[in-house]
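A short write-up of the structure that comes next.
In our numbering, the protein residues as written are 910 to 1146.
Quick look at the structure:
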């Protein structure tokens, strides 16, 4: 496995170049809030790296201690092909995150943390990292640590993190790409931009998708007009 930091660097270069060639709206690389998002990205990525490292250490150190998992069949998933493990973990993880994300918008106390992510007024792939650090602690604790007990391998969990991050970068990217029927399955720029719409420019509490858009279509929270919104961000005051 390549280091997560190396993946982030490669991913950042790819999306930055893509935004230069196929922008949804013309904007400089050093757009409004760019420096702040770099700080968020550096800090939150390091938090992710530390938590994943702790999880991996526990995974290998606890292998013999948790040998009782076999009679309970909790480790059966670990014997499946890796692509099956990745799909299973990504699906369960994403559905849980969709519900958590929904709660972050609807519970006032939780919204106080999550509104940091919605403070961006000019969005690109780097905006994916603008969020309160407590969010990532919750996501890691609730989602990745149970993956250890259920027998998912370290490469599978890493692969799941890479896929989730890549889709997150894509969904936030300043790209004019439309993905056709895949919009019903995968989160995309044309869909997620409306999740960040300013309260005065469009409906709120739509498009909670993290990786898979299917949850929004199933639970009737999807909203994908033909044109992007004119304004992003939070209401003043």
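Cβ atoms here follow ideal geometry from the backbone N, Cα and C, with glycine treated the same way.
All figures in this text were calculated on a predicted structure; none of them were measured in a lab.
query                                                                                                                : result
CB of residue 1071 within 9 Å of CB of residue 913, strictly                                                         : yes
Test item: CB-CB of residue 1114 and residue 1023 under 9 Å                                                          : no
Short Cβ contact (9 Å threshold) for residue 999 with residue 1073                                                   : yes
For residue 972, the three-state DSSP class (helix, strand or coil)                                                  : Low confidence applies here, because residue 972 scores a pLDDT of 49, under 50, leaving its location unreliable and the question unanswered by this model.
DSSP bridge partner residues for residue 932 (one or two, in chain order)                                            : 1084
Sequence-distant residues of the same chain with beta carbon closer than 8 Å to residue 1044, five excluded per side : 1013, 1022, 1023 and 1026
Touch test, the stretch 1086 to 1093 against the stretch 934 to 942, Cβ-Cβ under 8 Å, three pairs minimum            : no
Short Cβ contact (9 Å threshold) for residue 1102 with residue 933                                                   : yes
Residue 992, enclosing alpha helix (DSSP H) - first and last residue                                                 : 991 to 1015
8 Å Cβ shell around residue 927 - same chain, five flanking residues per side excluded                               : 1082 and 1084
Of the residues 1036, 1135 and 1118, the one placed nearest residue 1129, counting alpha carbons only                : 1118
Rounded straight-line distance, which links the Cα of residue 1123 to that of residue 994                            : 20 Å
Close Cβ partners of residue 1003 (< 6 Å) along its chain, the five nearest in sequence each way excluded            : 1119, 1120 and 1121
For residue 1011 and residue 1062, the rounded distance between their alpha carbons                                  : 29 Å
Residue range of the unbroken alpha helix (DSSP H) whose run includes residue 1098                                   : 1098 to 1101
Local conformation of residue 1067 per DSSP, three classes                                                           : helix
Buried/exposed call for residue 1032, threshold 16 Cβ in 10 Å                                                        : buried
Alpha carbon of residue 1006 to alpha carbon of residue 916, nearest angstrom                                        : 22 Å
Coarse secondary structure for residue 1059, derived from DSSP in three states                                       : coil
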